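Colleague: Taken in order, these protein sequences are the chains called B and U. Sequence positions in the first sequence follow our numbering and run 3 to 405. Sequence positions in the second sequence follow our numbering and run 3 to 405. By construction, the Cβ of each residue, glycine as well, lies at the ideal position given by its N, Cα and C atoms. Computed from a predicted model, the values in this text were never measured in an experiment.
2 protein chains.
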Amino acid sequence: MQLTDAQRLDWLRLIRTDGVGPRTFRILINRFGGAAGALEAMPDLGRRQGKRLEPPTRAQAEDEIAALARLGGRLIATDEAEYPRLLQQTDAAPPLIALRGAPILNRPAVALVGSRNASTAGLAFTERLARGLGEAGLTVVSGLARGIDARAHKASLPAGTVAVMAGGQDKIYPANHAVLVDAILGEGGAVLAEMPMGWVPRGRDFPRRNRIISGVSYGTVVIEAARRSGSLITARYAVEQNREVFAVPGSPLDPRAEGTNDLIRQGATLVSEVAHVLDVLGPIIERGPEADAAPARGRPDLREQPDFWDEIDLDAANLDAHDDPDLLRPPEPVASDSPHDPPEPADDRARIVALLGPSPVGTDELARSAGIGIRVVQTVLLELELDGRIERHGSGVVSLLSR
Amino acid sequence: MQLTDAQRLDWLRLIRTDGVGPRTFRILINRFGGAAGALEAMPDLGRRQGKRLEPPTRAQAEDEIAALARLGGRLIATDEAEYPRLLQQTDAAPPLIALRGAPILNRPAVALVGSRNASTAGLAFTERLARGLGEAGLTVVSGLARGIDARAHKASLPAGTVAVMAGGQDKIYPANHAVLVDAILGEGGAVLAEMPMGWVPRGRDFPRRNRIISGVSYGTVVIEAARRSGSLITARYAVEQNREVFAVPGSPLDPRAEGTNDLIRQGATLVSEVAHVLDVLGPIIERGPEADAAPARGRPDLREQPDFWDEIDLDAANLDAHDDPDLLRPPEPVASDSPHDPPEPADDRARIVALLGPSPVGTDELARSAGIGIRVVQTVLLELELDGRIERHGSGVVSLLSR
Numbered sequence: 003m004q005l006t007d008a009q010r011l012d013w014l015r016l017i018r019t020d021g022v023g024p025r026t027f028r029i030l031i032n033r034f035g036g037a038a039g040a041l042e043a044m045p046d047l048g049r050r051q052g053k054r055l056e057p058p059t060r061a062q063a064e065d066e067i068a069a070l071a072r073l074g075g076r077l078i079a080t081d082e083a084e085y086p087r088l089l090q091q092t093d094a095a096p097p098l099i100a101l102r103g104a105p106i107l108n109r110p111a112v113a114l115v116g117s118r119n120a121s122t123a124g125l126a127f128t129e130r131l132a133r134g135l136g137e138a139g140l141t142v143v144s145g146l147a148r149g150i151d152a153r154a155h156k157a158s159l160p161a162g163t164v165a166v167m168a169g170g171q172d173k174i175y176p177a178n179h180a181v182l183v184d185a186i187l188g189e190g191g192a193v194l195a196e197m198p199m200g201w202v203p204r205g206r207d208f209p210r211r212n213r214i215i216s217g218v219s220y221g222t223v224v225i226e227a228a229r230r231s232g233s234l235i236t237a238r239y240a241v242e243q244n245r246e247v248f249a250v251p252g253s254p255l256d257p258r259a260e261g262t263n264d265l266i267r268q269g270a271t272l273v274s275e276v277a278h279v280l281d282v283l284g285p286i287i288e289r290g291p292e293a294d295a296a297p298a299r300g301r302p303d304l305r306e307q308p309d310f311w312d313e314i315d316l317d318a319a320n321l322d323a324h325d326d327p328d329l330l331r332p333p334e335p336v337a338s339d340s341p342h343d344p345p346e347p348a349d350d351r352a353r354i355v356a357l358l359g360p361s362p363v364g365t366d367e368l369a370r371s372a373g374i375g376i377r378v379v380q381t382v383l384l385e386l387e388l389d390g391r392i393e394r395h396g397s398g399v400v401s402l403l404s405r
Numbered sequence: 003m004q005l006t007d008a009q010r011l012d013w014l015r016l017i018r019t020d021g022v023g024p025r026t027f028r029i030l031i032n033r034f035g036g037a038a039g040a041l042e043a044m045p046d047l048g049r050r051q052g053k054r055l056e057p058p059t060r061a062q063a064e065d066e067i068a069a070l071a072r073l074g075g076r077l078i079a080t081d082e083a084e085y086p087r088l089l090q091q092t093d094a095a096p097p098l099i100a101l102r103g104a105p106i107l108n109r110p111a112v113a114l115v116g117s118r119n120a121s122t123a124g125l126a127f128t129e130r131l132a133r134g135l136g137e138a139g140l141t142v143v144s145g146l147a148r149g150i151d152a153r154a155h156k157a158s159l160p161a162g163t164v165a166v167m168a169g170g171q172d173k174i175y176p177a178n179h180a181v182l183v184d185a186i187l188g189e190g191g192a193v194l195a196e197m198p199m200g201w202v203p204r205g206r207d208f209p210r211r212n213r214i215i216s217g218v219s220y221g222t223v224v225i226e227a228a229r230r231s232g233s234l235i236t237a238r239y240a241v242e243q244n245r246e247v248f249a250v251p252g253s254p255l256d257p258r259a260e261g262t263n264d265l266i267r268q269g270a271t272l273v274s275e276v277a278h279v280l281d282v283l284g285p286i287i288e289r290g291p292e293a294d295a296a297p298a299r300g301r302p303d304l305r306e307q308p309d310f311w312d313e314i315d316l317d318a319a320n321l322d323a324h325d326d327p328d329l330l331r332p333p334e335p336v337a338s339d340s341p342h343d344p345p346e347p348a349d350d351r352a353r354i355v356a357l358l359g360p361s362p363v364g365t366d367e368l369a370r371s372a373g374i375g376i377r378v379v380q381t382v383l384l385e386l387e388l389d390g391r392i393e394r395h396g397s398g399v400v401s402l403l404s405r
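1. For a test of the three-state rule: what should DSSP assign to Met-3(U), helix, strand or coil?
2. With the cut-off set at 7 Å, would you say Ala-180(B) and Ile-174(B) are in Cβ contact?
3. Taking the alpha helix (DSSP H) that Ile-225(U) belongs to, which residues open and close that run?
4. Who are the Cβ neighbours of Pro-24(U) in its own chain at under 7 Å, not counting the five residues just before and after it?
5. How about Gly-261(U): is its C-beta nearer than 7 Å to some C-beta of chain B?
6. Quick check on the DSSP output: what are the complete alpha helix (DSSP H) runs of length 4 or more inside the segment 109-180 of chain B, in order along the chain?
7. Is any non-hydrogen atom of the ligand MG found closer than 6 Å to the C-beta of Ala-37(B), if you look at the structure I gave you?
8. Does the beta carbon of Ala-123(U) come closer than 7 Å to any beta carbon on chain B?
9. If we define contact as Cβ-Cβ less than 7 Å, is Ile-266(B) a contact residue for chain U?
10. Taking only beta-carbon positions, decide if Pro-285(U) is within less than 7 Å of chain B.
11. Ile-78(B) bridges to which residues according to DSSP?
12. Are the C-beta of Leu-272(U) and some C-beta of chain B separated by less than 7 Å?
13. By the 10 Å Cβ neighbour count, where 16 or more other Cβ atoms means buried, how is Ile-287(U) classified, buried or exposed?
14. For Leu-182(B), which residues in chain U fall below 9 Å Cβ to Cβ?
15. Measuring only the C-alpha atoms, how far is His-395(B) from Ser-371(B)?
16. Mapping DSSP to helix, strand and coil, what is Ala-61(U)?
17. Closer than 8 Å by beta-carbon distance: list the chain B residues that pair up with Pro-251(U), in chain order.
18. Kindly indicate which residue of Leu-357(B), Pro-360(B), Gly-373(B) and Arg-351(B) has the alpha-carbon position closest to the one of Leu-384(B).
19. Checking 7 Å against the spacing of the C-beta atoms, do Gly-1(B) and Gly-103(B) come in under that value?
20. Reducing DSSP to helix, strand and coil, say where Arg-394(U) ends up.
21. Relative to the alpha-carbon of Ala-161(U), which residue among Val-183(U), Asp-184(U), Ala-177(U) and Ala-132(U) has its alpha-carbon at the smallest distance?
22. Pop quiz: Leu-194(U) and Val-166(U) are said to be a contact at Cβ under 8 Å. What is the actual Cβ separation, rounded to whole angstroms?
23. Please name the residue, chosen from Thr-59(B), Ser-117(B) and Glu-367(B), that lies closest to Glu-260(B) on a Cα-to-Cα basis.
24. Alpha carbon to alpha carbon, how far is Ile-99(U) from Leu-77(U)? Give it in angstroms, no decimals.
25. Can you pull the chain B neighbours of Ala-120(U), defined as C-beta to C-beta under 8 Å?
26. Say whether chain B places a C-beta atom closer than 7 Å to the C-beta of Phe-310(U).
27. Can Leu-114(B) and Ala-168(B) be called in contact, C-beta distance under 7 Å?
28. Could you spell out the range, first to last residue, of the alpha helix (DSSP H) harbouring Glu-288(B)?
29. Under 7 Å, Cβ to Cβ, is there at least one residue of chain B near Phe-127(U)?
30. Please confirm if Gly-373(U) has its CB atom under 7 Å from at least one CB of chain A.
31. Please report whether the beta-carbon of Gly-136(U) lies at a distance below 7 Å from any beta-carbon of chain B.
32. Quick check: the Cα distance between Trp-13(B) and Asn-108(B), rounded to an integer number of angstroms?
33. Counting pairs of beta carbons, one from the segment 268-281 of chain U and one from the segment 230-249 of chain U, are three or more of them closer than 8 Å?
34. Between Arg-15(U) and Leu-41(U), is the Cβ-Cβ spacing less than 7 Å?
35. Within a Cβ cutoff of 8 Å, which residues of the same chain sit near Ser-401(B), ignoring the five residues on either side of it in sequence?
36. For Ser-401(B), name the three-state secondary structure that DSSP assigns.
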């Protein structure tokens, strides 16, 4: 599928609306039949929350697309062929990604991540690994950071490497890696960004970005990582995305190996040679991106180590902050003596719940019975669905679930 | 059980006989009802093989015991209370060990082994680990070598540490570790040796000795080890003895970490903290030395990695060379026109086999029927048993197994 220019503009306006993150975006376009419908519903949704939900104007969205085009970039939507299929399968995949460079995002890829203040040995091993993986036909994905990331990109330049940025396409961080970006683009690689043009990356944008690094890759190799470092966030995302996790061991006396040694103890595959990655990923790549998760491999399942992963704070990624929780949830009930102007959403909700029961009922009928506009009914039903209160039976037919 | 002085002398004479190793020793005393009976059978066994089997004289054995006593040592037999129970359970446990120092061999122990040319980081981590394990109440066992071994002993001196030597008690290797031996003995530790007083250790004695290091221990921690190094032999013995194996990770660029990283990939427990050893061994020690093997722990079973272990050459240990294979096996059949003097053992064997069948028959009756002396009959039956040709039914009753 390919978006029309108009659709792409709507998608961009919706995802650039404050409070709309990838999850909310998906729910909204499903419920309102597309971005256009969701944009129309914005004022209602905002009024119900007592806040202003203002999507950027068409002109602002067109400006972003034009600025990106001047850098040689374009926006790719989740449903489009060029969008990385592995990323598409992840929770909270960005609806649009800004891409510069070659259309290589559906080549089999592996992420290499690690410390910014890497050791000499860590850098040397990164180089060996990145070169070897590139020579074996894998695309090396990393985060353009100092240290391990930069070395991974450099060593895999000839094979075409993918950098995922935390800021906008025009806000390279660190700034002196502009040279590296040029080299990546010049040698058939690609640069991805989720955030808008002009977006200067803040601290929380880096962990948020990490889900894309793991998300476009069949596996993530952590080369050096202190405890609670950003690379472990990438590893946690990889696990949640049901991807392979590899870690390079190091001396117990080196704090940069604490994170990787921990990962190995939890079940990550120990990597001391290129072949250790290829042996695991080869069969998985052969099965293709749509195949089921790999079967158990007679070692601890990283997914079943909640105590370990709970220590690695995904909240830092702040992904949910982009999905305003109020946006899709009912406000607090107000006291009964409060003025009934502006229109009282809690009343709407109570009235609709009262009209619902275990027998399926049509949305239109519900709206008529309640004397409430269809858009408000749809919004309340969306809230109720998110709360797990109703079941949908297709064709706008719903029923109340017993609590 | 406690040996009498006479029995201990017989045991010593038998195990010090050329061609008698721990396995042959055990078979012989079982078949001949004790070391005295086996010593009596030696001339017969030798004659049948056309070689001289000469146990040392009583006087020679007494000299060894006296020389050991002058060093403050004594011989302990497998059946005696002071003999390490964990070692007793192993295949090819030495029938006698020479012990100097405190009777601490039945305290819970853990082996720490590694490279002689250890890295500074490896030595520092050894120190941390050995001290921590000692403080946790475990006895640290090692091989008195330069590098990791020496550091492990030194750091665990206050807790009482056990050194296992490859040569005799008076042949400390390396010689300048005599000071370390004195320290070990002075601080409540112990020094073990399988080989006789005066035995200068040769290359093959070190891997042979390694089975004792792993054998007295609940688990073996390999700290730094190159591929195919002696420490991996200790690890392989530990696996075959159904003991825990731990390994300390290191940089893939450090050859001294290749062996340990390999071990971790094969299922050894990665150790970067003292607690990683204690967490595994604690419950096993609690169950005690007689308990069954640990249940599967959701990681690869080291015992099921034949390809890996096949690369680690136990033949270097040359354990079987001490068990002369000819000693307990029949000679090649001779051509029928060969002279019948000396007495023809192949004939004896053929006659006895012909007299045996699936019905159990007594040994005495068999000897009478064959017209062969009871001692020769017993020897032939031993050979047939080792070949899996006969079944024993107790009280000297045997039957032929169908092929």
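Modeller: Well, looking at it:
1. The residue you call residue 3(U) lines up with position 1 of the second sequence. It is coil, neither helix nor strand.
2. Here the question's residue 180(B) lines up with position 178 in the first sequence. Here the question's residue 174(B) lines up with position 172 in the first sequence. It is a contact, given that the beta carbons lie within the stated cut-off.
3. For the purposes of this step, residue 225(U) is taken as residue 223 along the second sequence, with counting starting at 1. No alpha helix (DSSP H) contains Ile-225(U), which DSSP labels as neither H nor E.
4. Your numbering for residue 24(U) matches position 22 in the second sequence. Excluding residues within five positions, the ones whose Cβ falls inside 7 Å are Ala-94, Ala-95, Pro-96 and Pro-97.
5. The count along the second sequence starts at 1 and reaches residue 261(U) at position 259. Answer no: the Cβ-Cβ gap between Gly-261(U) and chain B never drops below 7 Å.
6. 122-137 and 150-157
7. The model depicted lacks the ligand MG and carries no ligand whatsoever.
8. Walking along the second sequence from the start, residue 123(U) turns up at place 121. Answer yes: the Cβ-Cβ gap between Ala-123(U) and chain B drops below 7 Å somewhere.
9. Position 264 of the first sequence, counted from the first residue, corresponds to residue 266(B). It does: the Cβ of Ile-266(B) has a partner Cβ on chain U nearer than 7 Å.
10. Against the second sequence, residue 285(U) aligns to sequence position 283. No - not a single Cβ of chain B is within 7 Å of the one on Pro-285(U).
11. Position 76 of the first sequence, counted from the first residue, corresponds to residue 78(B). Answer is Ile-99(B).
12. Position 270 of the second sequence, counting from 1, holds the residue named residue 272(U). Yes, its Cβ sits closer than 7 Å to a Cβ of chain B.
13. In the second sequence, residue 287(U) corresponds to position 285, counting from 1. With 16 or more other Cβ atoms within 10 Å, it is buried.
14. Locating residue 182(B) in the first sequence gives position 180, counting from the first residue. Residues of chain U passing the Cβ test: none, with the nearest at roughly 24 Å.
15. In the first sequence, counting from the first residue as 1, residue 395(B) sits at position 393. In the first sequence, counting from the first residue as 1, residue 371(B) sits at position 369. Their backbone Cα atoms lie some 19 Å apart in a straight line.
16. Position 59 of the second sequence, counted from the start, is the residue given in the question as residue 61(U). DSSP places Ala-61(U) in helix when its eight states are reduced to three.
17. For this step, residue 251(U) is matched to residue 249 along the second sequence. Residues of chain B passing the Cβ test: Pro-251, Gly-252, Ser-253, Pro-254, Ala-259, Asn-263, Ile-266 and Leu-272.
18. In the first sequence, the residue the question calls residue 384(B) occupies position 382. It is Arg-351(B) whose Cα lies nearest to the Cα of Leu-384(B).
19. No statement about residue 1(B) is possible, as the shown extent of chain B runs from 3 to 405 and does not include it.
20. On the second sequence, position 392 is the one that residue 394(U) refers to. Arg-394(U): strand per DSSP, three-state reduction.
21. Numbered from its first residue, the second sequence carries residue 161(U) at position 159. Out of Val-183(U), Asp-184(U), Ala-177(U) and Ala-132(U), Ala-132(U) has the C-alpha closest to the C-alpha of Ala-161(U).
22. Here residue 194(U) refers to the residue found at position 192 when the second sequence is read from its first residue. Here residue 166(U) refers to the residue found at position 164 when the second sequence is read from its first residue. Rounded, the Cβ-Cβ distance is 5 Å, consistent with contact.
23. As a position in the first sequence, residue 260(B) is number 258, starting the count at 1. Ranking Thr-59(B), Ser-117(B) and Glu-367(B) by Cα distance to Glu-260(B) puts Ser-117(B) first.
24. The residue given as residue 77(U) occupies position 75 in the second sequence. The residue given as residue 99(U) occupies position 97 in the second sequence. Whole-angstrom Cα-Cα distance: 6 Å.
25. Mapped onto the second sequence, residue 120(U) falls at position 118. Here the premise fails: no neighbours, minimum Cβ distance about 12 Å.
26. In the second sequence, residue 310(U) corresponds to position 308, counting from 1. It does not: the Cβ of Phe-310(U) has no partner Cβ on chain B nearer than 7 Å.
27. On the first sequence, position 112 is the one that residue 114(B) refers to. On the first sequence, position 166 is the one that residue 168(B) refers to. No. Outside cutoff.
28. Translated into positions along the first sequence, residue 288(B) becomes position 286. 276-289 is the extent of the alpha helix (DSSP H) around Glu-288(B).
29. By 1-based counting over the second sequence, the position of residue 127(U) is 125. Judged by the 7 Å Cβ criterion, Phe-127(U) is in contact with chain B.
30. No chain A appears in this structure, whose protein chains are B and U.
31. To locate residue 136(U), count along the second sequence from 1; it is residue 134. It does not: the Cβ of Gly-136(U) has no partner Cβ on chain B nearer than 7 Å.
32. Counted from its first residue, the first sequence places residue 13(B) at position 11. Counted from its first residue, the first sequence places residue 108(B) at position 106. C-alpha separation (whole angstroms): 22 Å.
33. yes
34. The count along the second sequence starts at 1 and reaches residue 15(U) at position 13. The count along the second sequence starts at 1 and reaches residue 41(U) at position 39. Yes; because the gap between Cβ atoms is below 7 Å, this pair is in contact.
35. The sequence position of residue 401(B) within the first sequence is 399, counting from 1. Closer than 8 Å at the Cβ level, and outside the excluded window around Ser-401(B), lie Leu-358, Gly-359, Pro-360, Ser-361, Pro-362, Val-363, Ile-392, Glu-393 and His-395.
36. Taking the first residue of the first sequence as position 1, residue 401(B) is located at position 399. Three-state result, Ser-401(B): strand.
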